[in-house]
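So that you can map any letter, position 125 of the sequence shown is 125 in the UniProt record's numbering, and since no number is skipped, the others follow by simple counting.
What follows is a short report on a single structure.
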Amino acid sequence: MESPSPKVQGSREVDASTSRITSRAQILYLDILSTIFVNLALEDPLGILYAGAVCHQWRQVALNTPKAWYMIPHSVSSHLKYLKIYLDRSGNAPLHVEMRKVKSTKDTEAEIELLIEQKDRIQCLTIVRQYHLLRYSFPNLQKLVLDAHFLDEMKLLENSGSETVPSFSSTQFPHLRVFELLGDPPDWFNAKIWRSRTMPPLQRLALYLYLPEILPSDPCLTACADSLVSLTIKLPQGRNHSERLNLPRLRHIQIIEPHDGTSYTSFEMDAPSLVSVHHIISNPNITSTTKFTLQSPQTVHFLRTSRISGIHLYPGLRSLWLEHVLDHERWVVPQLAAGMRFCPDLEEIKYLHHDTDSPHVSDALRRAIMAAKSMVKLSICKPNEIVHLPGSVIMTDANCC
């Protein structure tokens, strides 16, 4: 008897695997099924709409798994019919919706009407241009992402009397825990959006600060101070600040220097739970002018920076990531060797090497470790090879969205 061809044999193996996954007795395979479901969505967003054709159990189990549906962001950018199918097939599962349309089409208003009908299900919402969605209440919204690039356009409409820039409050979004603002907002944004209403307690706030009075007395920060877990601050250009922040639950802060280096900012922060600091200098050719003082620096275990000379400020440091090292090569060895003596718990140094970086920096780092007689592990990789930043806050649907 002839053995089956490789093609037939492979088909039988697939059938057998599918049978095991969909067997009623194998309850544990539900996680595998959901994983396949999510991966299919990433490869082919429309494929999930027809996944019920795979097998009866897939249709009955995976398509009714709220977690699987929530993990799939649906971008409202193509056709109205796909949004209708998505809303129908997902049953009562919570939704992750992205309104990324830059230009309005004849379907836009119909799509918004459908979303408003399902507003109780929406837990994560991204808005590029349809800011008037903020006039509605989303009682279960947990994450809101706004694109700031078209905010000035909305302001012009308001000045002409044809539109009103919306502001939002805790009554509209009582469960909002994450707010992110993409791009640089205009100066009027903070006064219009934040100052007119009270804000719900946020866990993660990505805020770009442009006015000197924003820190730390801004209503947004003061309202969220006791609950903030992660904060991103883009420092203003051409202004001097001396600020004191009291953020008791903050675990991660990201500080972005202005591109022209004209701002001098002095931060004094009382953040006893802080474990991760990411200091970004947008322009490698400028000198950092930020003085960052922590009341309890020993809690910081992870630091990503361009300045070796500042690591001695973090005695509890365990992981140091260096990117675009700005210190002169001749000072890398003595500064790192000296700094490591102040960080006895340091376990690893990761150098994020860019093509524009000097090839001698990595050699200098190795010499510094040898000079300090340390067992610290040194690894060199490209920034795009990084999957997850240690110490950063990862929001999941268990604690956020």
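Every residue, glycine too, gets a C-beta built ideally from N, C-alpha and C.
For clarity, every value in this text was computed on a predicted model and none was experimentally measured.
Between Gln335 and Ile369, the C-beta gap is not smaller than 8 Å, which leaves the two residues out of contact. In the DSSP assignment, Glu348 falls outside any alpha helix (DSSP H) and lies within the beta strand (DSSP E) extending over 348-352. Residue environment: Ser374 is assigned as buried (16 or more neighbouring CB atoms within 10 Å of its CB, all protein chains considered).
Secondary structure note for Asp363: its alpha helix (DSSP H) is the uninterrupted segment 360-371. CA-CA distance, Asp363 to Val145, rounds to 42 Å.
Of the other Cβ atoms in all chains shown, fewer than 16 fall within 10 Å of the Cβ of Gln298; this residue is therefore exposed.
Counted as a single uninterrupted DSSP element, the beta strand (DSSP E) harbouring Lys143 occupies residues 143-147.
With respect to Leu317, Tyr351 sits apart: the two C-beta atoms are not nearer than 8 Å.
Only buried fits Gly339, as 16 or more other CB atoms lie within 10 angstroms of its CB. His312 is not a Cβ neighbour of Val275, given a cutoff of 8 Å. Counted as a single uninterrupted DSSP element, the alpha helix (DSSP H) harbouring Leu115 occupies residues 108-117.
Secondary structure note for Arg304: its beta strand (DSSP E) is the uninterrupted segment 302-305. Exclusion of the five residues before and after Arg249 leaves Asp226, Ser227, Leu228, Val229, Ser273 as the residues of its chain whose Cβ lies within less than 8 Å of its Cβ. Setting aside the 5 residues that flank it on each side, Gln254 is surrounded in the same chain by Thr232, His278, each with a C-beta closer than 6 Å to its C-beta; the list follows chain order. Excluding the 5 residues flanking it on each side, Phe342 has same chain C-beta neighbours closer than 6 Å at His312, Pro315, in chain order. Going by C-alpha positions, Leu114 is about 15 Å away from Gln123.
For Gln335, the three-state secondary structure derived from DSSP is helix. One thing to note: Gln118 has its Cβ no nearer than 8 Å to the Cβ of Leu134. Excluding its 5 nearest sequence neighbours in each direction, Ser75 has C-beta neighbours in its own chain below 7 Å: Glu98, Arg100, listed in chain order. The beta carbon of Ile116 sits closer than 7 Å to the beta carbons of Tyr136 from its chain, once the five residues preceding and following it are set aside; these are given in chain order.
Rounded to the nearest angstrom, the gap between the Cα atoms of Val332 and Gly310 is 12 Å. Taking Leu346 as the centre and dropping the five residues before and after it, the same chain places the C-beta of Leu317, Arg318, Leu320, Met340, Val376 closer than 7 Å to its C-beta, in chain order.
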